[in-house]
Amino acid sequence: MNAQIRNVYGLFILLFALLVGFTSYWAVLDAKGLEDNPDNRRALIEEQTIPRGLIFARDGRTRIAANRAENRGDARVFVREYPQGGLFAHPIGYSFLRNGRRSLEQSRNDELAGEENEFESIFAGLEGRDREGSDVVTNLDVAGTEAAVTGLAERKGGVVAIEPQTGKVRVMVSIPEYDPNLIPTDFRALDTDPDKPTFNRTTQELYPPGSTFKVVTATAALDTGKVTPETIIDGSSPKEISGVALANSGGQSFGPISFTDGLTNSVNTVFAQVGERVGPATLVEYMKRYGFFADPELDYPSFQMIPSGIRRNGTQYVQDGFDAGRVAIGQGGSEGAVEATPMQMALVAAGIANGGRLMKPRLTDRIVGKDGRVKERIEPDLQSEVMKPETAAQLTEMMSRVVEEGTGTAAALSGVRVAGKTGTAEVGANREFTQPWFICFAPVENPRLAVAVTLERQPAGSQGGTVAAPIARDVLEALLGGGL
Amino acid sequence: MSARTRELFGLIPVSLLVAAGFASVLATRTEEVSDATLTYGAVFLGLCVIAHLFIRARLPDADPYLFPLAALLAAIGLVLIYRIDPEFAREQAQWFVVGLVFFCATILAIHDHHVLERYRYTIAAVGIALLAMPRLPGIGEQIHGAFLAIKLGPIQFQPAEFAKLAIIVFLASYLRETGDILVRARLRPLPATNQLLLFGLPAVGTVLAILVLGLGPAGSALLVVFVASLVAVLRERPSPKHFGPLLLVWGLAMLMLIFIRDLGSSLMFFGGFLVLLYVATSRLSLVGVGATMFFGGAFFLARNVNHVQERVDIWIDPFKPGVVNDEGYQIAQSLFAQADGGLFGQGFGEALISFGGTSLLPAAHTDLIYAVLVNEAGLFGAAGVLGAYLLFAYRGFKTATVAPDGFSKLLAVGLTAVFALQVFVIVGGVTRVIPLTGVTLPFVSYGGSSIVANMVLLALLLVVSDHARADRIRRGGLV
């Protein structure tokens, strides 16, 4: 019998090993998955019992997110409130027990909730410190944000403003906005609203960039030496590109003109030829340097960002086989059309403005402990060297001509030289709407700000130069105000 | 060092653990360590020393590790329960005292466990009656769809905890007597044609059945194992009359599934039965027949009894929308709590049990106490407790191997197996190895019936151990 008893004991050792194995799986191996389960409210509940860090605008005084204490049964909890209402809804988001978190409230959650690593929390326990959240000071500017909201005037669209040298995101506005204070009561209505107010159009929506994309084509062409600003190219219209006739805006025929004049007047046929000369591989290479084909390297949740790029049927990203001539002018065909977020186009402007050195965009400036000590400062960080400084200088000169005498004169500021590029894509089943764009930076001599503006489904005839450029000018004015 | 002195020394770390555990919980609660913690440790040590002196007097040769291991588990349980609700802990401490009284009474009453053999049919009847009690109108109580408890006035009582002892005593006694007859080899070489018939017919039949019934891979495997085991059993041509009681136990387990509607306790009882059957007959084929019949029956019932089916569905996907915050809430929250534990846990007294009036760990002090343990003591703490159970099982099986006679061996094996199976059923349920059912974690979970029944189980094991080891020492086989 003893042999059988030993076998039985062996069986129990196996059974208990199975128990230890499953415990390891839940407690350690799959712990992250369980913590991220949307039905797991433990972390949120624990966080509610400690005051969450505040979120400030760039001035360090304007409260974007604060807390109020409430009693729930026998427990005292802190509930988020947003004193600025919807003004910063898209960059900051919300954090509520039942609705979860979005935007910066999600991406900076560890700091705001005072999450510490295992060793830090042991020390905190020894010192008798309570867990507490740190404050976040953002780069967001109140006046600039207000100017963007006023400028869009309730028309759907997005505005992004970035400091080229540092990557600081000074304005991120998406219209329509929503009041995060209403999330606990109206979440379902807001989330199913056909106007998508909880959707951040600056990072989550892809639009045809139209002629603003010619700047990217010009970067590739100039930087690889395929053309110079003085190269003469035939700007007649229409012209056969990939076997199909392509016309200029309004059918205007320019004849042989310089590459600079081609950009000033946004001549489609010139850029389509340049695009074919550059070729699809080089074009994709330069797009990647600008950050296309990947999420922006922004301190923002990845589920609220989408990569810009060339897509087939509006779903599948493609990097070859597309019509380079039509992609070069910000359009495309069934084999792939270029689409971009407002954030991506702001990064294109910022990359040129900073002499070809593209900095990673940042919503956060610094993390400040409850004792007022700066725990972390987000230093400027290079994302990529897009082009040679000389190329950037050439592009800057060409883009300033656009504002001085070309399609973008509405963005001109008195006393400050602005460089920019307009864009107007036709959208809708019968091309009955337009997608006006304007990207720019200023001052030309020492750029301190890069801006991208776009509006969604505007009535036919709305041009980037007439609809989007004035908004960019207002934002520039509000942000550069003191330095004019 | 004598066995009893080893036992006494084993109790010292247990008391330190109680004191440290209470200190840690109180520190989290009030931010100061009061003398109360030392008092708790001292009282616990005092009780254990009294029990130890009793064992020293009555069972001088009994295994020295079983009692300290049980005390360790009870101590961990007290700390965890205190952390959930001090009122529960006070009651649990009282039940611990009652349990010690029953422990001593059992040792006094059953001087020699062989007397139990004489009353085996009475004991079996009592066991079956206990199992049936929760279904009686008036006193029976349905909890989460299962019939496991009865209510007599203010006292709630879990008869299954005691029934497991009665059934094991009966089976050990019955199998000691019939184990040999069941498998007595009457093997004469069969003529070749009969051989062909014996192996060929079932093989063809099985294949046909799989094809005709359209069984899936699990069903087919079950059927193949069943037929193969059955053939192996029939090859020895055992006498049919001795299989009556075995079929009875199988039927009982199925009836438990139907009437008590509890997969976990059925698994525990039937598992204990199969272990005893295997040890008594050393025939895996019998276990194969029994196990496949059990799983087949369970499978059938899971398809046809709503309550059982629901439990199985929750087990397969507790996170399904619509389930996760309803029927699957308990197991889902159990897993979430374990995920918060990590390697080292959050520390005693830190687990988040309820918030603003809603429970985050339903039945934290009974069903889900293991989840609380993982949350507060982490994977290492939980593995330590499982290790303590495994050591307990080791000492139990060790007792069986040194026991001189069949009944002692089977009794020790049965008690140990049913104890360890109970741990597997509840911990397996909490960690989603098997569907979650409402049995207690022995010595750790809150519950008077559980503490008292397991104290009696420990007393019986020690009685067997004392006899076995005294016998060995007399014969000079154990130093």
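The listed protein sequences correspond, in order, to chains A and B.
Under the numbering used here, the first residue of the first sequence is numbered 1, with each subsequent residue one higher.
Under the numbering used here, the first residue of the second sequence is numbered 1001, with each subsequent residue one higher.
Idealized CB from N, CA, C, for every residue including glycine.
None of these values were measured; they are calculated from a predicted model.
{"query": "Three-pair Cβ contact test at 8 Å for the region 234-247 of chain A versus the region 292-304 of chain A", "result": "no"}
{"query": "Supposed close pair Asp1340/B, Gln1333/B - CB separation, criterion 8 Å", "result": "Contact flag wrong, Cβ pair sits at about 11 Å."}
{"query": "Sequence-distant residues of the same chain with beta carbon closer than 8 Å to Leu1047/B, five excluded per side", "result": "Phe1096, Val1097, Leu1100"}
{"query": "Beta-carbon neighbours of Ser1229/B, restricted to chain A and to distances below 9 Å", "result": "Within 9 Å Cβ-Cβ: nothing; Ser1229/B doesn't reach chain A, min ~17 Å."}
{"query": "Three-state class that DSSP yields for Leu87/A in the structure shown", "result": "coil"}
{"query": "Chain A residues whose Cβ lies nearer than 9 Å to that of Phe1397/B", "result": "Ile5, Arg6, Val8, Tyr9, Phe12"}
{"query": "Residues of its chain near Gly465/A, where Cβ-Cβ distance is below 6 Å and the 5 sequence neighbours each way are ignored", "result": "Thr407, Gly408, Ala410, Thr422"}
{"query": "Pro459/A - partner residues in DSSP beta bridges", "result": "Phe433/A"}
{"query": "Residues bridged to Gly157/A (per DSSP)", "result": "Ile175/A, Leu455/A"}
{"query": "Buried or exposed (CB count within 10 angstroms, at least 16 for buried), Asn1375/B", "result": "buried"}
{"query": "Near the ligand NAP: Ala17/A beta-carbon under 7 Å from a heavy atom", "result": "Looking at this structure, you won't find the ligand NAP or any other ligand, since it has none at all."}
{"query": "Residue interval of the beta strand (DSSP E) (run including Ile367/A)", "result": "364-368"}
{"query": "Residue range of the beta strand (DSSP E) that includes Pro1455/B", "result": "First, the residue type needs correcting, since residue 1455/B is Met and not Pro in the sequence shown. Premise fails: Met1455/B lies in the alpha helix (DSSP H), 1448-1474, not in any beta strand (DSSP E)."}
{"query": "Partner residues on chain B for Asp39/A, Cβ-Cβ distance less than 7 Å", "result": "Phe1319, Val1324, Asn1325, Ala1332"}
{"query": "CB contact below 8 Å: Val20/A versus chain B", "result": "yes"}
{"query": "Min CB distance Val1275/B to chain A below 8 Å", "result": "yes"}
{"query": "Delimiting residues of the alpha helix (DSSP H) encompassing Arg1395/B", "result": "1369-1402"}
{"query": "Under the three-state DSSP convention, the category Glu1007/B falls into", "result": "helix"}
{"query": "Contact set for Pro197/A: own chain, Cβ-Cβ below 7 Å, skip 5 residues either direction", "result": "Pro176, Glu177, Tyr178, Leu190"}
{"query": "Sub-8 Å separation of Ile329/A and Leu395/A beta-carbons", "result": "no"}
{"query": "Assigned exposure category for Asn1325/B - 16 Cβ within 10 Å defines buried", "result": "exposed"}
{"query": "Close beta carbons around Met387/A, own chain, < 7 Å, minus the five adjacent residues each side", "result": "Thr219, Asp223, Gly356"}
{"query": "Coil, strand or helix - Thr198/A by DSSP", "result": "coil"}
{"query": "Per-residue burial, Phe303/A [other beta carbons within 10 Å of its own, 16 or more giving buried]", "result": "exposed"}
{"query": "Own chain, CB closer than 7 Å to Glu426/A, minus 5 neighbours either side, in chain order", "result": "Thr434"}
{"query": "Ser1408/B versus His1467/B - alpha carbon distance", "result": "9 Å"}
{"query": "Interface residues of chain A facing Arg1432/B [CB-CB closer than 7 Å]", "result": "Phe22"}
{"query": "Given Leu413/A as reference, the closest of Val20/A, Leu479/A, Arg373/A once Cα atoms are compared", "result": "Leu479/A"}
{"query": "Unbroken alpha helix (DSSP H) run spanning Pro256/A, endpoints", "result": "It is not in any alpha helix (DSSP H) - Pro256/A instead sits in the beta strand (DSSP E) that spans 256-258."}
{"query": "At least 3 beta-carbon pairs within less than 8 Å: the region 34-45 of chain A vs the region 1432-1448 of chain B", "result": "no"}
{"query": "Candidates Val1385/B, Ala1337/B, Pro1435/B: closest to Arg1311/B by CA position", "result": "Pro1435/B"}
{"query": "Start and end residues, beta strand (DSSP E) containing Thr944/B", "result": "A query on residue 944/B cannot be resolved here, the shown segment of chain B reaching from 1001 to 1479 and no further."}
{"query": "Spatial distance of Leu358/A from Asp365/A (CA atoms)", "result": "18 Å"}
{"query": "Leu1284/B: first and last residue of the uninterrupted alpha helix (DSSP H) it sits in", "result": "1284-1304"}
{"query": "Near-chain B residues of the region 332-354 of chain A - C-beta to any C-beta below 7 Å", "result": "none"}
{"query": "Beta carbon proximity, Gly1378/B to chain A, threshold 8 Å", "result": "yes"}
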